[in-house]
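The structure under discussion appears below in the form of structure tokens.
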Amino acid sequence: MEPTATILHADLDAFYASVEQLLDPSLCGKPIAVGGGVVLAASYEARAFGVRGGMPGRRARELCPQLIFVGGHFKDYQRLGDAAINVIKDFTPLVERISIDEAFADVAGCTHLFGPPADIAMAIRRRVRAELGLPISVGVARTKHLAKIASQVAKPDGLVVVDPATELEFLHDLPVELMWGVGPVTKSRLAEMGVLTIGQMAKTPGWSLERLLGPAAGAKLAALAWNRDPREIKTHRRAQSAGAQSALGKKPAEEWVFRPTLRHLADRVASRLRAKSRPGRTVTVRVRFADLRSVTRSLTLDAPISATGMLAEIAEELVRTLLADHPDEKTISLLAISVSHLETHTGLQLDLPLGLEDEKRRPSAKKGMARWVADRAVDTIRARFGWQAVGYGSVALEISRSVPDEFRELAEKDL
DNA sequence: TCTGGGGTCCTAGGACCC
DNA sequence: TCTGGGGTCCTAGGACCC
Numbered sequence: 001m002e003p004t005a006t007i008l009h010a011d012l013d014a015f016y017a018s019v020e021q022l023l024d025p026s027l028c029g030k031p032i033a034v035g036g037g038v039v040l041a042a043s044y045e046a047r048a049f050g051v052r053g054g055m056p057g058r059r060a061r062e063l064c065p066q067l068i069f070v071g072g073h074f075k076d077y078q079r080l081g082d083a084a085i086n087v088i089k090d091f092t093p094l095v096e097r098i099s100i101d102e103a104f105a106d107v108a109g110c111t112h113l114f115g116p117p118a119d120i121a122m123a124i125r126r127r128v129r130a131e132l133g134l135p136i137s138v139g140v141a142r143t144k145h146l147a148k149i150a151s152q153v154a155k156p157d158g159l160v161v162v163d164p165a166t167e168l169e170f171l172h173d174l175p176v177e178l179m180w181g182v183g184p185v186t187k188s189r190l191a192e193m194g195v196l197t198i199g200q201m202a203k204t205p206g207w208s209l210e211r212l213l214g215p216a217a218g219a220k221l222a223a224l225a226w227n228r229d230p231r232e233i234k235t236h237r238r239a240q241s242a243g244a245q246s247a248l249g250k251k252p253a254e255e256w257v258f259r260p261t262l263r264h265l266a267d268r269v270a271s272r273l274r275a276k277s278r279p280g281r282t283v284t285v286r287v288r289f290a291d292l293r294s295v296t297r298s299l300t301l302d303a304p305i306s307a308t309g310m311l312a313e314i315a316e317e318l319v320r321t322l323l324a325d326h327p328d329e330k331t332i333s334l335l336a337i338s339v340s341h342l343e344t345h346t347g348l349q350l351d352l353p354l355g356l357e358d359e360k361r362r363p364s365a366k367k368g369m370a371r372w373v374a375d376r377a378v379d380t381i382r383a384r385f386g387w388q389a390v391g392y393g394s395v396a397l398e399i400s401r402s403v404p405d406e407f408r409e410l411a412e413k414d415l
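Residue 1 is where the first sequence starts when you use full-length UniProt numbering, and the numbers rise one by one after that.
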């Protein structure tokens, strides 16, 4: 029997911009951009001028002088994104959310209730439009990869169902950059081999792709080009890391610059780790220099941490050694902290450091206890009065926030 | 005139162990 | 003593995604 296409990929169109047009109908049909210094999202009217997400605001204005910048109703993005996902969950519990505005679903088990997958996709689109006022595109196919491509092809505000009988004909005419995992670098490497379409990739020998792109990426793309995608819907997956970063413009690579910034970043990251009882063992810092090159340093501890002070000190030490290794770099443009090798502590057990004293990789137990008490006090105050209620003194004020905290939170994965 | 902030996964070399 | 193979962990860098 012919296999059926039961995987859906649903993707809200130009999400932030659509929400702004929903909240202020006078913006409908006009080129708008969410953001200011940098474009966080652009409406389709703005995209027609070449405006793209991530683009500097100045550049966007050059491309489209009548572009309207809007501030960003971040709480509404979260609310409406959740609501759209919940519409999908009304059909099946097998939903894998991959970002605020995008999810996969497997409807194999609910067709007896709601009809064939194409009908379910239409119902989802209808309901999101009627109940939320937002356009959403849906792709339906036999695999996640193809469903995702189908939703891209369906945009804006469309539906594409890929019949398993003709899926390769559909897939092979499309350009390689529509594939998951093919970005600018891979695209140009493939182009050098004369591979522009997914069909051409499918005809390229596997060993050739592997030599060009590495064993993992090569084998993966070779399989995807034939629509062999073994991935299943994963309803909950835990985060592997948590981090925070801050662009600085151009600042001297000096202690008085990076210390307060790292304190602030450590505070953001560590309080998230504590809130979910997920301390981590590996601390990574990243420094970007003025020329946009960036360098990382990391340290893996014997015991996991989630204390702000501990994280901040380790990060500072890593940045010091990093800068010492690059004595010619006088200017930095970004600092980042990330914690990985996250562990899971259930219940009330937080990360009282258990290690022995004196060894570099083992946080001191006594110092750890004092900080644990201090962190708990900060967490409690914030739980009651909000994140801004307490912070690291002058630090909180000195950070120039190019992006509001509410926006940062939208991108945070559940730990 | 040089893209913000949150993530995932892969690679390659070296250390270390059996 | 020399040679060799395999596995795991750590570190640094890079491509990619939303």
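For each residue, glycine too, the CB sits at the ideal point set by N, CA and C.
Bear in mind that the values here come from a model prediction, so they are computed numbers and not experimental data.
How would you label residue i, buried or exposed, when you count the other beta carbons within 10 angstroms and need 16 or more for buried?
i, result
"residue 193", "exposed"
"residue 372", "buried"
"residue 416", "Residue 416 is absent from the structure shown; the chain starts at 1 and stops at 415."
"residue 45", "buried"
"residue 64", "buried"
"residue 328", "exposed"
"residue 175", "exposed"
"residue 20", "buried"
"residue 112", "exposed"
"residue 35", "buried"
"residue 357", "Bear in mind that a pLDDT of 37 at residue 357, under 50, signals an unreliable position, so the model cannot answer this."
"residue 86", "exposed"
"residue 8", "buried"
"residue 428", "Lying outside 1 to 415, the shown extent of the chain, residue 428 is not represented and no answer is given."
"residue 81", "buried"
In terms of residue numbering, what span does the alpha helix (DSSP H) encompassing residue i cover?
i, result
"residue 421", "In this structure the chain extends from 1 to 415, so residue 421 is not present and cannot be described."
"residue 185", "184-192"
"residue 120", "117-127"
"residue 271", "255-275"
"residue 309", "308-325"
"residue 8", "Not the alpha helix (DSSP H): residue 8 falls in the beta strand (DSSP E), residues 7-12."
"residue 132", "Residue 132 -> no alpha helix (DSSP H), and no H or E assigned at all."
"residue 32", "From DSSP, residue 32 is part of no alpha helix (DSSP H) but of the beta strand (DSSP E) over 32-35."
In chain order, what residues of the same chain lie with their CB nearer than 6 Å to the CB of residue i, ignoring the 5 residues before and after it?
i, result
"residue 168", "none"
"residue 15", "101"
"residue 217", "none"
"residue 413", "239"
With a threshold of 7 Å on Cβ separation, who are the neighbours of residue i within its own chain once the five nearest residues in sequence on each side are excluded?
i, result
"residue 219", "206, 210"
"residue 2", "164, 165"
"residue 170", "162"
"residue 269", "242, 243, 244, 311, 337, 339"
"residue 259", "316"
Short of 8 Å in beta carbon distance, which residues of its chain neighbour residue i, apart from the five on each side in sequence? Order them along the chain.
i, result
"residue 74", "404, 406, 407, 409, 410"
"residue 235", "93, 94, 95, 96"
"residue 129", "135, 136"
"residue 251", "257, 331, 332, 333"
"residue 98", "104"
Checking 7 Å against the spacing of the C-beta atoms, do residue i and residue j come in under that value?
i, j, result
"residue 172", "residue 149", "no"
"residue 10", "residue 140", "no"
"residue 335", "residue 261", "yes"
"residue 286", "residue 277", "no"
"residue 154", "residue 160", "yes"
"residue 265", "residue 290", "no"
"residue 271", "residue 284", "no"
"residue 88", "residue 120", "no"
Which residues bound the beta strand (DSSP E) around residue i?
i, result
"residue 153", "Here residue 153 belongs to no beta strand (DSSP E); instead the alpha helix (DSSP H) covers 144-154."
"residue 250", "241-252"
"residue 140", "136-141"
"residue 341", "331-342"
"residue 298", "294-305"
"residue 287", "280-289"
Curious, which full-length alpha helix (DSSP H) runs of at least 4 residues does the segment 68-107 contain? Runs of the alpha helix (DSSP H) inside the segment 68-107: 74-89.
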